[in-house]
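Residue numbers (UniProt numbering): 1 to 532.
Each residue gets a CB set at the ideal place from its N, CA and C atoms; glycine is no exception.
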Ligand code: HEM
């Protein structure tokens, strides 16, 4: 017998001799004691400003810095309820009530969170290299997004992807080269809407916008072109995959914050991801294989680019699938959601709609359609799009949060490594200290006059940065801006947008927060052609 097994036997004998002390009563009291200790610790942690996750840090070396104010929420789960429903509105109201608009702390069960509703603090967070990572979301990992730009950990791989995307998909030359495709889709939209408007006094616009932006991304990314009026099974399948992915990523997953729940998958998120991923893999792999077979083609789409860089940049096939899937995924809904908000505002604000149409008549005239080179001359339209982004940013909490890579100081407060950071852009953009009459729709505030320079919404001025800012700012913002302004210009040039008679002329601006913040009730309108 070896020495170690002899020692083990002695331990077993020693334990057995103590077993007589393990009566049922003793076990019961021990468990009760453990339960009480656990209960008091939970209360002790919970009593800390910001709730339980912050309480666990109370004895850290950093306790000398001022505590960040914040709600305690409930023991154990903290403020999970803040993140359900219209989270941006709840967080803004809570921060205001606690006087914590610069910085508020709260707990999502075990996860420490900070959130700011102030542009200066937002700038510090978004532009700091410490916050260049994203928090881990189980659904994002299950859906392969950890190998795509949005959720890839900050580092060499992420930098490589951003470089490839900005050189080959989002650079001005590439955006220009897809102009004719956006023009084609715009005229297909006009055709569909004209024929629907001719037979019906009111119509929904959402599905047309979604399919239009999906088709546009399919063209730029996969080099696939579809007619908007044909119901193509490939487009329908991809649309259903994107919708399911959107739903999954937009859900607050309890297992992300309470790891002991992960095994049970109580919201069936892992199960749904595991059903979705093979379908995405099959879909994208088929397109990649077709590109490999036709590698001699003259025009390069993004699939060709990734395949040509595969060796040099060390990208596996599954990396390529993740990147392509993300581009389709990110580029589709955001654009459609924003255009729907803009058109809804136009239906309600008739004077502003008329001003845009007068501008279009002056710059473009009625004899031809709008082209993208008209956009820089359409200053009022540009101001309207900015005003809608202010009132209805598609990502009110900037969609995807940031993660502190190391301990750091934010606005004079110590913030430990691993803390999730959010910026409430919705609240900043409606702050009366920053914007006069913030709830009013006044596009004129963005018209540069005299010494006023044009207000950039691309991330340099955090009073309005709907595309985020810093290292992880949205790489698709120029493409999104070009698409949105051009399509909105076309739709307003072609039609007068009126309230639907079926809905007593009312437009409902209620919001629903999924991955993006959408109109809760799809816009219904009546259209009158302007150019016939
Ligand atoms: C109206 C349209 C859009 C809005 C409002 C929007 C907004 C945003 C926001 C707020 C972020 C997070 C930025 C941050 O953390 O600072 C983001 C990230 C991202 N967006 Fe967009 N986006 C739009 C369109 C697009 C398009 C068209 C694409 C691509 C085709 C795209 C691709 C991405 C990607 C890949 C990221 C992750 C970047 C990273 O983590 O490095 N977005 N977007």
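Would you report the Cα separation of residue i and residue j, rounded to the nearest angstrom?
{"i": "residue 61", "j": "residue 55", "result": "With a pLDDT of 47 at residue 61, under the threshold of 50, the modelled position of this residue cannot be trusted, and the question is left open."}
{"i": "residue 410", "j": "residue 125", "result": "7 angstroms"}
{"i": "residue 238", "j": "residue 325", "result": "10 angstroms"}
{"i": "residue 67", "j": "residue 466", "result": "29 angstroms"}
{"i": "residue 540", "j": "residue 377", "result": "Because the chain is modelled from 1 through 532, residue 540 falls outside the range shown and cannot be assessed."}
{"i": "residue 83", "j": "residue 77", "result": "12 angstroms"}
{"i": "residue 519", "j": "residue 316", "result": "39 angstroms"}
{"i": "residue 90", "j": "residue 364", "result": "44 angstroms"}
{"i": "residue 243", "j": "residue 215", "result": "15 angstroms"}
{"i": "residue 492", "j": "residue 279", "result": "38 angstroms"}
{"i": "residue 246", "j": "residue 515", "result": "6 angstroms"}
{"i": "residue 152", "j": "residue 101", "result": "30 angstroms"}
{"i": "residue 482", "j": "residue 166", "result": "15 angstroms"}
{"i": "residue 375", "j": "residue 431", "result": "29 angstroms"}
{"i": "residue 334", "j": "residue 382", "result": "18 angstroms"}
{"i": "residue 218", "j": "residue 303", "result": "11 angstroms"}
{"i": "residue 35", "j": "residue 347", "result": "60 angstroms"}
{"i": "residue 288", "j": "residue 308", "result": "12 angstroms"}
{"i": "residue 385", "j": "residue 75", "result": "43 angstroms"}
{"i": "residue 273", "j": "residue 179", "result": "35 angstroms"}
{"i": "residue 360", "j": "residue 310", "result": "45 angstroms"}
{"i": "residue 276", "j": "residue 222", "result": "20 angstroms"}
{"i": "residue 401", "j": "residue 28", "result": "44 angstroms"}
{"i": "residue 537", "j": "residue 205", "result": "Lying before the first or after the last residue shown, residue 537 is absent from the chain, which here runs from 1 to 532."}
{"i": "residue 256", "j": "residue 135", "result": "10 angstroms"}
{"i": "residue 312", "j": "residue 98", "result": "53 angstroms"}
{"i": "residue 32", "j": "residue 44", "result": "18 angstroms"}
{"i": "residue 292", "j": "residue 285", "result": "10 angstroms"}
{"i": "residue 137", "j": "residue 253", "result": "8 angstroms"}
{"i": "residue 88", "j": "residue 80", "result": "13 angstroms"}
Beta carbon of residue i: closer than 7 angstroms to some heavy atom of the ligand NAP?
{"i": "residue 480", "result": "The ligand NAP is absent from the structure shown, which contains only the ligand HEM."}
Would you kindly report the start and end of the unbroken beta strand (DSSP E) that includes residue i?
{"i": "residue 111", "result": "111-116"}
{"i": "residue 168", "result": "Residue 168 -> not in any beta strand (DSSP E); alpha helix (DSSP H) instead, spanning 156-168."}
{"i": "residue 497", "result": "495-499"}
{"i": "residue 383", "result": "Element bounds for residue 383: not the beta strand (DSSP E) but the alpha helix (DSSP H), 379-391."}
{"i": "residue 524", "result": "524-529"}
{"i": "residue 414", "result": "413-415"}
{"i": "residue 410", "result": "408-410"}
{"i": "residue 512", "result": "511-513"}
{"i": "residue 234", "result": "Careful: residue 234 lies outside any beta strand (DSSP E), inside the alpha helix (DSSP H) at 233-250."}
{"i": "residue 519", "result": "517-519"}
{"i": "residue 106", "result": "104-108"}
Thinking just about the alpha-carbon of each residue, which of the options is nearest to the one in residue i?
{"i": "residue 433", "options": "118, 23, 80 and 219", "result": "118"}
{"i": "residue 457", "options": "486, 27, 201 and 425", "result": "425"}
{"i": "residue 232", "options": "205, 400, 468 and 211", "result": "211"}
{"i": "residue 371", "options": "140, 33 and 486", "result": "486"}
{"i": "residue 70", "options": "85, 52, 408 and 27", "result": "52"}
{"i": "residue 149", "options": "328, 204, 29 and 128", "result": "328"}
{"i": "residue 250", "options": "261, 528, 512 and 353", "result": "512"}
{"i": "residue 489", "options": "141, 282 and 358", "result": "358"}
{"i": "residue 367", "options": "294, 208, 57 and 530", "result": "530"}
{"i": "residue 133", "options": "528, 422, 193 and 294", "result": "422"}
{"i": "residue 188", "options": "313, 221 and 230", "result": "230"}
{"i": "residue 495", "options": "284, 192, 272 and 399", "result": "192"}
{"i": "residue 470", "options": "398, 228, 282 and 241", "result": "398"}
{"i": "residue 478", "options": "172, 292 and 156", "result": "172"}
{"i": "residue 306", "options": "65, 455, 161 and 39", "result": "161"}
{"i": "residue 258", "options": "185, 196, 111 and 454", "result": "111"}
{"i": "residue 109", "options": "440, 46, 159 and 182", "result": "46"}
May I ask which residues mark the beginning and end of the alpha helix (DSSP H) holding residue i?
{"i": "residue 327", "result": "317-348"}
{"i": "residue 454", "result": "Where residue 454 is concerned, there is no enclosing alpha helix (DSSP H), given that its DSSP letter is neither H nor E."}
{"i": "residue 94", "result": "87-97"}
{"i": "residue 425", "result": "425-428"}
{"i": "residue 293", "result": "269-293"}
{"i": "residue 138", "result": "138-142"}
I believe residue i touches residue j by the beta-carbon criterion, under 8 angstroms. Please report the beta-carbon distance rounded to the nearest angstrom.
{"i": "residue 463", "j": "residue 428", "result": "6 angstroms"}
{"i": "residue 394", "j": "residue 517", "result": "6 angstroms"}
{"i": "residue 49", "j": "residue 105", "result": "7 angstroms"}
{"i": "residue 177", "j": "residue 331", "result": "Not confirmed; about 16 angstroms, so no contact."}
{"i": "residue 420", "j": "residue 121", "result": "Contact flag wrong, Cβ pair sits at about 15 angstroms."}
{"i": "residue 405", "j": "residue 130", "result": "6 angstroms"}
Would residue i count as contacting chain D if we go by Cβ distances under 8 angstroms?
{"i": "residue 510", "result": "The structure shown contains no chain D, having only a single protein chain."}
Would the stretch 387-407 and the stretch 336-351 be scored as touching if the rule is three or more Cβ pairs under 8 angstroms? yes
Three or more C-beta pairs below 8 angstroms linking the stretch 520-530 and the stretch 501-510: Flag = yes, the stretch 520-530 and the stretch 501-510 touch.
Contact between the stretch 283-299 and the stretch 258-273 is defined here as three or more beta-carbon pairs at a separation below 8 angstroms; is this criterion met? no
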